[in-house]
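S.K.: The opening residue of the sequence shown carries number 19 in this note's numbering; numbering runs sequentially from there. Think of the CB as a built atom: it goes at the ideal place given N, C-alpha and C, for glycine as much as any other residue. Nothing here was measured: the structure is a model prediction, and the numbers come from that model.
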Amino acid sequence: MNEQFIKLQKCFESIKEKIDFKPKVALILGSGLGDYAETIKVEATLDYHEIEGFPVSTVPGHKGRFIFGYVGEVPVVIMQGRVHYYEGYPISDVVLPVRLMKLMGAEVLFLTNAAGGVNYDFHAGDFMLISDHISNFVPSPLIGENMDELGTRFPDMSDVYDKELRAIIKETAKELDIKLQEGVYVQLTGPAYESPAEVRMCRILGGDAVGMSTACEAVAANHMRMKICGISCISNLACGMTDNPLNHKEVQEVADKVAPLFKKLVTESIINISKRL
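1) CA-CA distance, Val95 and Met119?
2) Pairing CB atoms from the region 259-279 with CB atoms from the region 148-157, are three or more of them under 8 angstroms?
3) Going straight from the alpha carbon of Asn164 to that of Ala142, what length do you get?
4) Mapping DSSP to helix, strand and coil, what is Ser32?
5) Got a sec? Which residues, its chain only, sit under 7 angstroms from Glu193 by beta carbon, not counting five neighbours each side?
6) Which of helix, strand or coil does DSSP assign to Lys59?
7) Checking 8 angstroms against the spacing of the C-beta atoms, do Ser250 and Tyr203 come in under that value?
8) Is DSSP giving Met244 helix, strand or coil here?
9) Looking at Asp274 and Gly82, is the spacing between their C-beta atoms short of 8 angstroms?
10) By the DSSP assignment, the beta strand (DSSP E) with Asn131 in it spans what residues?
11) First and last residue of the alpha helix (DSSP H) that includes Ala185?
12) Tell me the rounded alpha-carbon separation between Leu198 and Lys188.
13) Determine the contact status of Val113 and Lys245, defining contact as a CB-CB distance below 8 angstroms.
14) Would DSSP call His67 helix, strand or coil?
15) Suppose contacts are defined by Cβ-Cβ distances below 8 angstroms. Is Ile33 in contact with Ala62 by that definition?
16) Tell me whether the beta-carbon of Gly99 lies closer than 8 angstroms to the beta-carbon of Ile58.
17) Flag this pair as yes or no: are the beta carbons of Ala233 and Ser153 separated by less than 8 angstroms?
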């Protein structure tokens with residue numbers, strides 16, 4: 019049997035021994051949304067260290083635990099701190115949490131992140147609804163023996179970010195009077211921020227925002243036929259687009275500043291998505 023699938027099953031069995039909860043929506047929290055889970059009705063928490071074989075996040079500001087609870091009346095599992103490829107984990111470990119949340123019962127994956135804007139029409143603090151992604155710069159999580167238990171060998175990628183979910187989020191943003199951009203997310207490896215030439219490359223390729231996560235998670239979720247949506251918080255304009263050097267503190271500060279609006283948009287979007295599915 020596939021070694022990755024065996025590891026996945028062991029992690030799932032470890033969780034089932036500790037948590038009895040079936041989520042409908044899986045939510046991954048990016049920078050600035052780390053404390054979002056404290057605003058919901060929490061039923062249980064599970065630290066990543068308590069799950070056998072589970073990769074542990076090493077990024078400052080990422081707490082590293084699953085939160086089980088309710089957004090409104092919607093049962094959710096929240097990943098409070100994701101794992102990144104630049105931390106040194108194999109890409110199969112980076113997407114293992116997404117696969118686990120699908121096994122838990124989640125039908126929808128809601129991705130969030132902080133990203134650099136490469137579109138000159140974007141500004142720090144904007145929100146971008148992800149319409150598509152470019153993930154060629156990181157290894158595909160589907161490389162290797164296919165896990166037939168999860169999905170087909172050659173999954174279609176024509177509608178990764180579900181059109182219906184995107185329409186719901188756009189309607190929700192309009193109702194809340196929250197400005198929402200839309201565009202293509204480019205995942206690079208990190209951890210260094212992109213050079214000005216790399217930023218120009220992303221723009222030439224059709225990217226609107228660039229970051230170090232998310233796209234590989236969407237690929238794994240799409241393989242499992244989950245419905246996927248995602249929102250980026252544009253925390254800064256990317257390198258070379260302004261005269262300011264980039265640093266993680268600045269990214270965190272901008273993400274924290276717009277967090278209240280981001281939380282409101284995520285909450286109402288999840289509630290509205292649940293009503294339509």
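M.R.: With the structure as the only source:
1) 7 angstroms
2) no
3) 40 angstroms
4) helix
5) none
6) strand
7) yes
8) coil
9) no
10) Val126 to Gly135
11) Lys181 to Leu194
12) 7 angstroms
13) no
14) helix
15) no
16) no
17) yes
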